[in-house]
Amino acid sequence: MPLSRIAMAAAIVLAGATLADKTAFAHGDVTPQPIDASELKQLGKEWLSENPYRGDPKAIAIGASGYNQNCARCHGLEAISGGIAPDLRYLELGKTGDEWFLERIRHGKKNSEGTTIMPAFEGVFSQEAMWAIRAFLESKHEE
Ligand code: HEC
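Numbers -26 to -1, 1 to 117, taken from mature numbering (1 follows the signal peptide of the UniProt record, and there is no 0), label the letters of the sequence shown in order.
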């Protein structure tokens, strides 16, 4: 193969690789990072409607790490949103906020075209891990 053709082939391969990277990024297709909540009181299979760990420092610490690894890329580090997704410091406190939080984290959200704008985390994180994140978010709450 003449040199120029080798160069061209290389350029095409490179362009393809760059395109693939961009596509993966645009779809937000990022592997979830596991959250180990085994140190917390275990909750069983029934979904609770209220956070059993509210104010628990251990849950808040587990939730902070889980949040920063899995939610911050859209909702902002330490729950301070950069504008891509809602600022979760303003979620309502208490049971009403708990129910809304659980609904969203379990099922995610699709837009009107059916594109996922927030991934569903049911089956990915345990109920314990989800409530730990909620405990962290309440610790950051602002009116
Ligand atoms: C790929 C981006 C993305 C990731 C990752 C993501 N979210 Fe979201 N989230 C969104 C968007 C966008 C919305 C707004 C959905 C809507 O319009 O109703 C949202 C909405 C929410 C809401 C409802 C907020 C409100 O004010 O109504 C909660 C709660 C929430 N997300 C929690 C989380 C948690 C917890 C995680 C991590 C486990 C997470 N999200 C990960 C994009 C994301």
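Each residue gets a CB set at the ideal place from its N, CA and C atoms; glycine is no exception.
Computed from a predicted model, the values in this text were never measured in an experiment.
Asked, Found
"Between the CA atoms of H115 and R78 - distance to the nearest angstrom", "18 Å"
"8 Å Cβ cutoff met for M92 and A59", "yes"
"Opposing strand residues paired with F99 [DSSP bridges]", "E96"
"Where K83 falls: helix, strand or coil (DSSP)", "strand"
"Segment contact flag, the stretch 10 to 21 with the stretch 31 to 39, C-beta cutoff 8 Å, min 3 pairs", "yes"
"Contact test: A59 Cβ vs the ligand HEC heavy atom, cutoff 7 Å", "yes"
"A78 beta carbon near the ligand HEC (any heavy atom closer than 7 Å)", "One point to set straight first is that residue 78 is Arg, not Ala, in the sequence displayed. Yes; taking the cut-off as 7 Å, the Cβ of R78 has a heavy atom of the ligand HEC nearer than that."
"Beta bridge counterpart(s) of T90 as assigned by DSSP", "K84"
"Limits of the unbroken alpha helix (DSSP H) element including Y41", "31 to 44"
"Where Y64 sits in the DSSP three-state scheme", "helix"
"F(-2), DSSP secondary structure in three states", "Since pLDDT at F(-2) reaches only 42, below the 50 mark, its modelled position is unreliable, and the value read off the structure follows with that caveat. Helix, per DSSP."
"DSSP state of R111 mapped onto helix, strand, coil", "Note on residue identity: the sequence assigns Leu, not Arg, to residue 111. Note: L111 maps to helix in three-state DSSP."
"Alpha carbon of D72 to alpha carbon of F110, nearest angstrom", "12 Å"
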